[in-house]
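Colleague: At position 163 of the sequence shown (counting the first as 1) the number is 435 in my numbering, and the numbers step up by one without a gap.
Beta carbons are placed, not taken as given, at the ideal position from N, Cα and C, and that holds for glycine.
It should be emphasised that the depicted structure is a prediction, and the values quoted were computed from it without experimental measurement.
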Amino acid sequence: MNKAFDPAVRDFLDGRVWLRRHTSFTSEQIDEHIDEGFISVMAGVVKIKNFLGQPHYRCGRCENDNQQLFTTFQCLACKGPCAYCRNCLQMGRVSVCTDLIVWTGPRTEYPTDHTLAWEGTLTKHQQRASEELHESTVMKQPHLIHAVCGSGKTEILFEPIHQALLEGKRVCIAAPRVDVILELEPRLKAAFPKTVIEALYGGADVERFDAQLILATTHQLYRFREAFDVIFVDEADAFPYTAEQTLQQAVRKAAKPDAPVHFVTATPSDALIRQIRKTGAVSTIYRRYHGHPLPGPRYAPLWNYSKQLSKGKIPKPLAEWIQVRLDADEPFLVFFHEIELMMKAETIIRTLDDRIRAVHSAHPDRKEHVRALRDGTMPGLLTTTILERGITIKNVQVAVVGAEQAIFDRGALVQIGGRVGRNQDYPAGDFVLFHDGIRYAMDAAKREIDRLNRGED
Ligand SMILES: [Zn+2]
Ligand SMILES: [Zn+2]
Numbered sequence: 273m274n275k276a277f278d279p280a281v282r283d284f285l286d287g288r289v290w291l292r293r294h295t296s297f298t299s300e301q302i303d304e305h306i307d308e309g310f311i312s313v314m315a316g317v318v319k320i321k322n323f324l325g326q327p328h329y330r331c332g333r334c335e336n337d338n339q340q341l342f343t344t345f346q347c348l349a350c351k352g353p354c355a356y357c358r359n360c361l362q363m364g365r366v367s368v369c370t371d372l373i374v375w376t377g378p379r380t381e382y383p384t385d386h387t388l389a390w391e392g393t394l395t396k397h398q399q400r401a402s403e404e405l406h407e408s409t410v411m412k413q414p415h416l417i418h419a420v421c422g423s424g425k426t427e428i429l430f431e432p433i434h435q436a437l438l439e440g441k442r443v444c445i446a447a448p449r450v451d452v453i454l455e456l457e458p459r460l461k462a463a464f465p466k467t468v469i470e471a472l473y474g475g476a477d478v479e480r481f482d483a484q485l486i487l488a489t490t491h492q493l494y495r496f497r498e499a500f501d502v503i504f505v506d507e508a509d510a511f512p513y514t515a516e517q518t519l520q521q522a523v524r525k526a527a528k529p530d531a532p533v534h535f536v537t538a539t540p541s542d543a544l545i546r547q548i549r550k551t552g553a554v555s556t557i558y559r560r561y562h563g564h565p566l567p568g569p570r571y572a573p574l575w576n577y578s579k580q581l582s583k584g585k586i587p588k589p590l591a592e593w594i595q596v597r598l599d600a601d602e603p604f605l606v607f608f609h610e611i612e613l614m615m616k617a618e619t620i621i622r623t624l625d626d627r628i629r630a631v632h633s634a635h636p637d638r639k640e641h642v643r644a645l646r647d648g649t650m651p652g653l654l655t656t657t658i659l660e661r662g663i664t665i666k667n668v669q670v671a672v673v674g675a676e677q678a679i680f681d682r683g684a685l686v687q688i689g690g691r692v693g694r695n696q697d698y699p700a701g702d703f704v705l706f707h708d709g710i711r712y713a714m715d716a717a718k719r720e721i722d723r724l725n726r727g728e729d
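1. So for residue 730, helix, strand or coil by DSSP?
2. What number of angstroms, rounded off, separates the C-alpha of residue 273 from the C-alpha of residue 288?
3. For residue 467, which residues from the same chain have a beta carbon less than 7 Å from its beta carbon, with the 5 sequence-adjacent residues on both sides left out?
4. State the DSSP-derived secondary structure class of residue 441, mapped to helix, strand or coil.
5. Kindly identify the DSSP beta-bridge partner or partners of residue 470.
6. Starting from the C-beta of residue 699, find all residues in its chain whose C-beta is less than 7 Å away, skip the five residues before and the five after it, and write them out in chain order.
7. Let me make sure I understand the geometry here. Which of 312, 710, 726 and 292 has the alpha-carbon closest to that of residue 570?
8. Measure how close the beta-carbons of residue 665 and residue 621 come, nearest whole angstrom, since I'm counting them as under 8 Å.
9. Does the beta-carbon of residue 345 have 16 or more other beta-carbons within 10 angstroms, so that it is buried, or is it exposed?
10. Our contact map puts residue 408 next to residue 609 with C-beta atoms below 8 Å; I'd like the distance itself, whole angstroms only.
11. Do you know whose CA, among 600, 636, 336 and 655, lies nearest residue 613's CA?
12. When you compare only the Cα positions, how much space is there between residue 377 and residue 308?
13. I think residue 464 touches residue 388, with their Cβ atoms under 8 Å apart; what is that distance to the nearest whole Å?
14. Go through the residues and name those whose CB comes closer than 6 Å to any heavy atom of ligand 2, in chain order.
15. Looking only at its own chain, which residues have a Cβ that is under 6 Å from the Cβ of residue 521, when we skip the five neighbours before and after it?
16. For ligand 1, is there a heavy atom less than 8 Å away from the beta-carbon of residue 404?
17. Measure from the alpha carbon of residue 446 to the alpha carbon of each residue in 384, 662 and 370, then state which is nearest.
18. What residue ranges within the stretch 333-363 form continuous beta strand (DSSP E) runs of no fewer than 3 residues, ordered along the chain?
19. By Cβ distance, which residues of its chain are closer than 7 Å to residue 293, with the 5 residues on each side in sequence left out?
20. Could you pull the start and end residues of the alpha helix (DSSP H) that residue 730 belongs to?
21. In three-state DSSP terms, what is residue 273?
22. Mind checking who residue 290 pairs with in its DSSP beta bridge?
23. Is it right to say residue 290 is buried, meaning 16 or more other beta carbons lie within 10 angstroms of its own, or is it exposed?
24. Assuming the contact rule is C-beta atoms closer than 8 Å, residue 650 and residue 685 should be a hit. Round their C-beta distance to whole Å, please.
25. DSSP three-state call for residue 503: helix, strand or coil?
26. Please state whether DSSP places residue 476 in a helix, a strand or coil.
27. Looking at residue 689 and residue 573, is the spacing between their C-beta atoms short of 9 Å?
28. Run the proximity test for residue 494: is its beta-carbon closer than 8 Å to any non-hydrogen atom belonging to ligand 1?
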């Protein structure tokens, strides 16, 4: 007799690393699958002794083995000293005595019937990049799409994704920032109407665990293992992906052993370009899809802006800049380097127009405010660097307050400027760097934009 498994259990667990206690199935169901050999159990945190005889921990879910990210505690469950992983704590605590489960039975077979409903046309640059990306996917080698802001990166992915889906492959688009995922979700759902698509990020409601195309923040990939036949990492240079080794490991771990991991970004680090050139291929797109150049930054001094804002005063050049936008009915974004100063600024800037608001990563109304700006019900938005990438607003004008601050590095400034002039009908716009002294990164960003506009490597 063939051993039987419940397809629902398989679809839920296939490609995932999950807490044994936290599935939507009964413990009897899970136990039966374990007994029949369809599910393997592993320790949440593996404890070994190093050569000095001291304990050394490694997390079974996120593979973190930085000893500083483990906390030992007196555990009620195993009635002894235990240790848990702080690195992936936000997805539920895993400790030495926690069981993790992985699916080891026959794998889920995904549908091969998909349609690409996107009806736009690619420019010849996009077309070439799209073909090269597909070729790399077939050859299972990593590929970097280095495409300037507003060159239509997402559309480049459509055909390679479509081809993979038609072969019944499981595909993931990962991005370090939730805003990027939120922008991608409606576009991908419209492009692939027949495909089961799920967006995963902190706080998202998961409806379909058997989704074939998954959009996920890189953090969410801690919970996957050998799941995907191809992964596209969008905005790979964004914080925190570049800063955290474990996130990069998480992406590698979520891919099947021979699956290619591709990267898509407007501002790749030199290290990433070098790394991909060694083992894969790079496609570069210098032109925006509408053919107009990237708007370059202009500098405007804003002396002692921090002091002035703290005293409840809007520095005059900033007030004038905002007033021009309000009078012309042009949507605008003003970037700040820190939340506290921005929240002070919000109070006084709202005296110019009460509908103006501020957003930051922990702001409860962040999604609504961005939508209001896009709908035109809000004239302008103050923001931290959370909106530096991924966001497209027609005819938006952009100012940076405190462009000399370290958080505005070359990549950040190029991305922020990339918000301007994305629409065919409004291919230009103001990109002003208000500063309290010009810093190297500002000049570096300006040079980079000039270089891209000249089409140089
Ligand atoms: Zn962990
Ligand atoms: Zn324990």
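Modeller: To lay it out plainly:
1. What is shown of the chain runs 273 to 729, which leaves residue 730 out entirely.
2. Interpretation of residue 273 is limited by its pLDDT of 41, a score under 50 that renders its predicted location unreliable; no figure is taken from the coordinates.
3. 386, 437, 484 and 485
4. coil
5. 486
6. 562, 564 and 693
7. 710
8. That belief does not hold up - the Cβ atoms of residue 665 and residue 621 are roughly 18 Å apart, past 8 Å.
9. exposed
10. Contact between residue 408 and residue 609 is absent: CB atoms are separated by about 38 Å, not below the 8 Å threshold.
11. Out of 600, 636, 336 and 655, 655 has the C-alpha closest to the C-alpha of residue 613.
12. 9 Å
13. 7 Å
14. 347, 349, 350, 354, 367, 368 and 369
15. 335
16. no
17. 662
18. 342-347 and 352-357
19. Taken in chain order, the list of residues that qualify is empty.
20. Past the boundaries of the shown model lies residue 730; the chain is included only from 273 to 729, so the question cannot be answered.
21. Bear in mind that a pLDDT of 41 at residue 273, under 50, signals an unreliable position, so the number given afterwards is only what the model happens to contain. Note: residue 273 maps to coil in three-state DSSP.
22. 373
23. buried
24. Actually they are not in contact, since the Cβ atoms of residue 650 and residue 685 sit about 24 Å apart, beyond 8 Å.
25. strand
26. coil
27. no
28. yes
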